[in-house]
Amino acid sequence: MDTNAPAGTSKVTSRSTVRGCEPLRYSLVRPRATSMRWQSEVRRIGQGLWGAAVVLVAACSADRASTNGSTGAADSAAAPASVAENTPEGTDGAASSSAGGARRVQRVVFLGTSLTAGLGLDPEKAYPALLQAKADSAGYAVRIVNAGLSGETSAGALRRAGWVLDQPAAMVVLEVGANDGLRGVDPDSTYANLVKLVAAVRAGQPGVSLALVQMEAPTNLGRSYTTRFHTAYERAARETGIPLWPFLLDGVAGDATLNQADGIHPNVVGSQRVAETVWRSLGPALAALQAAPSGMPSGTPPATP
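Numbering follows the working numbering, with no gaps: position 188 of the sequence shown is 198.
See the structure below:
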């Protein structure tokens with residue numbers, strides 16, 4: 011698996027992140043019962059929240075504190091980690107075509123947390139790699155880039171976006187904010203960072219196609235907080251005009267059989283479930299990208315009627 015990171019940076023793989031520091035363990039008493047209470051609350055508040063006792067993501071210590079207002083929460087390190095390319099060697103990052111007129115190979119970047127990086131899994135078992143296999147099987151000429159970083163908050167993603175997107179991309183999928191919810195960051199700060207992040211991506215990649223993945227907060231933070239956190243994503247998607255994809259851990263969060271021992275990160279089977287969830291949105295999006303006129307820039311979506 012090749013990378014396009016500058017020399018000296020470490021790979022974003024399970025092996026590198028596991029060596030760094032122990033993930034935060036988010037312990038709940040009787041998680042099965044908590045999960046059922048979660049589902050009951052979801053039906054009452056009508057927010058479409060999915061049944062999960064814990065959402066989310068281990069946070070490693072970082073060099074500087076998050077700027078999103080959370081007290082004592084460590085953010086991702088200032089130095090970027092490498093970006094894993096789930097494609098064969100010998101192809102460049104931009105959309106390209108052969109002399110014989112083959113379809114363009116378009117870069118699809120997943121900017122996210124350790125859920126995207128695949129903490130605790132072999133790189134080929136992380137959901138972006140599984141999505142690459144699905145795209146290949148479907149005949150899509152795309153190159154999926156795993157730009158997940160363990161412990162990253164929405165503020166950290168905003169700072170890192172420029173480096174991650176230093177090469178042309180046709181599409182950017184944002185799996186951002188999981189650690190915000192784990193740390194109890196003000197949902198208004200998360201919302202503001204999401205809006206700024208979309209603007210930053212668009213400024214650096216004019217015409218790029220974007221999507222935002224819904225994330226949820228742990229239920230023990232209270233109904234008011236979890237509702238505000240959920241709606242922060244709806245507000246950001248509406249404000250920026252980008253599609254909001256379903257909760258990344260739908261059907262996985264809170265299920266001990268689908269998660270690693272930390273109860274947070276999906277295991278191999280859970281990662282497959284995550285890939286299936288994301289593919290239901292990514293598949294049609296790739297079809298639209300591949301249908302774009304051949305003369306159109308790589309990051310420009312097809313015109314709508």
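Ideal Cβ positions, reconstructed from N, Cα and C, are used throughout, including at glycine.
Treat the numbers as computed from the prediction; the structure is a model and nothing was measured.
According to DSSP, simplified to helix, strand and coil, what is residue i?
i	result
F120	strand
R114	coil
G61	At G61, the pLDDT of 39 sits below 50, so the modelled position is not reliable and the matter cannot be decided from this model.
Q300	helix
N230	helix
N277	coil
T23	Note that T23 scores 36 on pLDDT, short of 50, meaning its location in the model is unreliable and no value can be drawn from it.
L259	coil
L292	helix
L254	strand
R283	helix
A271	coil
Considering residue i, what are the terminal residues of the alpha helix (DSSP H) in which it resides?
i	result
N156	Where N156 is concerned, there is no enclosing alpha helix (DSSP H), although the beta strand (DSSP E) it sits in stretches over 152-158.
V223	Where V223 is concerned, there is no enclosing alpha helix (DSSP H), although the beta strand (DSSP E) it sits in stretches over 219-223.
D190	188-193
R200	With the sequence shown as reference, residue 200 is identified as Thr, and Arg is not the correct amino acid for it. Where T200 is concerned, the enclosing alpha helix (DSSP H) stretches over 197-214.
G172	164-174
L141	137-148
Comparing C-alpha positions only, which one of the options sits nearest to residue i?
i	options	result
T163	N230, A210, D260, G122	G122
R170	V223, W255, N203, D132	N203
R117	L140, A127, Y150	Y150
L231	Q270, D196, G261, T200	D196
A209	S234, W289, I252	I252
A165	G214, A297, A188	A188
Q142	D190, I274, L292, P178	L292
Taking C-beta to C-beta, are residue i and residue j nearer than 8 Å?
i	j	result
L207	S160	no
V211	R153	no
L4	E244	The question about residue 4 has no answer, for the chain in this structure spans 11 to 315.
G172	L125	no
S284	P294	Note on identity: in this sequence residue 284 is Val, with Ser being the wrong assignment. Cβ distance not < 8 Å, so V284 and P294 don't count as in contact.
A136	A148	no
T250	V205	yes
Y201	A263	no
L220	V182	yes
The beta strand (DSSP E) spanning residue i covers which residue range?
i	result
L184	181-184
Would you grab the beta carbon distance between residue i and residue j for me? Rounded to a whole angstrom, and I think it's under 8 Å.
i	j	result
R227	F239	Just to set this straight, residue 227 is Ala in the shown sequence, not Arg. The Cβ separation is near 4 Å, so the contact holds.
T237	T229	At roughly 11 Å, the Cβ-Cβ gap does not stay under 8 Å, so T237 and T229 are not in contact.
A351	V119	Because the chain is modelled from 11 through 315, residue 351 falls outside the range shown and cannot be assessed.
Q282	L192	Not quite, the Cβ-Cβ distance comes to about 23 Å (not below 8 Å), so this is no contact.
Under 7 Å from any heavy atom of the ligand NAP, does the C-beta of residue i make it?
i	result
T123	The ligand NAP is absent from the structure shown, which contains no ligand whatsoever.
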